[in-house]
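A short write-up of the structure that comes next.
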Amino acid sequence: AAALDAALLNLRGFSQQLCDRYTAFQSEYSEVTQQLSELSASFEDDLQMLRGHAVEPAICQLEGWESANLLDCCGEERLRSWLQDCQRNADHLVGKAAQFALQWSELQAGVQREEDSPADAVATAAEGRLGAA
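For the sequence shown, the working numbering assigns the number 134 to the last residue and increments by one with no breaks.
Spelled out as structure tokens, the structure:
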């Protein structure tokens with residue numbers, strides 16, 4: 002019985018550690034997805050802002066340009082490609098987070114079943130498994 006109590010205590014401790022880590026993951030995941038959403042929503046406005054800032058003529062002369070804006074320096078196609086990569090990665094992250102959430106729910110349900118089962122039934126089942134070994 003003491004070994005079973007120790008095992009249950011270990012299970013609860015491990016469950017709490019997992020819960021803390023999952024909560025931290027969910028918090029960071031929420032922040033990242035919010036930032037990605039804001040980035041996507043403001044992308045066209047951000048491009049327009051870059052278009053609106055001219056590069057100093059002296060810098061243009063050094064680069065061999067007649068004139069340029071900050072978007073010319075960054076490269077619109079490169080930025081659009083980067084946004085598409087970010088959106089693909091975000092979609093992948095969302096899918097993995099959904100899988101993780103499902104596994105987390107299943108794990109929590111399993112831990113809860115173990116905690117809810119009567120101690121004498123757990124002891125009898127554990128003794129049966131030990132006896133069979």
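Backbone N, C-alpha and C fix where the C-beta goes; we use that ideal spot for every residue, glycine too.
So residue i and residue j are supposed to be a Cβ contact under 8 Å. How far apart are they, rounded?
| i | j | result |
| --- | --- | --- |
| Tyr-30 | Ala-91 | The Cβ separation is near 11 Å, so there is no contact. |
| Glu-77 | Leu-48 | 7 Å |
Taking the CB atoms as reference points, tell me whether residue i and residue j lie closer together than 8 Å.
| i | j | result |
| --- | --- | --- |
| Leu-72 | Arg-89 | no |
| Cys-61 | Ser-68 | yes |
| Leu-84 | Ser-16 | no |
| Ala-55 | Asn-70 | yes |
Skipping 5 residues on each side, what residues in its chain have a beta carbon closer than 6 Å to that of residue i?
| i | result |
| --- | --- |
| Arg-13 | none |
| Tyr-23 | Trp-105 |
Bridge partners for residue i per DSSP, in chain order?
| i | result |
| --- | --- |
| Asn-70 | Ala-55 |
For residue i, collect the residues of the same chain with a Cβ closer than 7 Å to its Cβ; drop the 5 residues on either side in sequence, then sort them by chain order.
| i | result |
| --- | --- |
| Leu-37 | Cys-87, Ala-91 |
| Glu-64 | none |
Checklist entry - Are the region 113–120 and the region 5–24 touching by the rule of at least three beta carbon pairs closer than 8 Å? => result Flag = yes, the region 113–120 and the region 5–24 touch.
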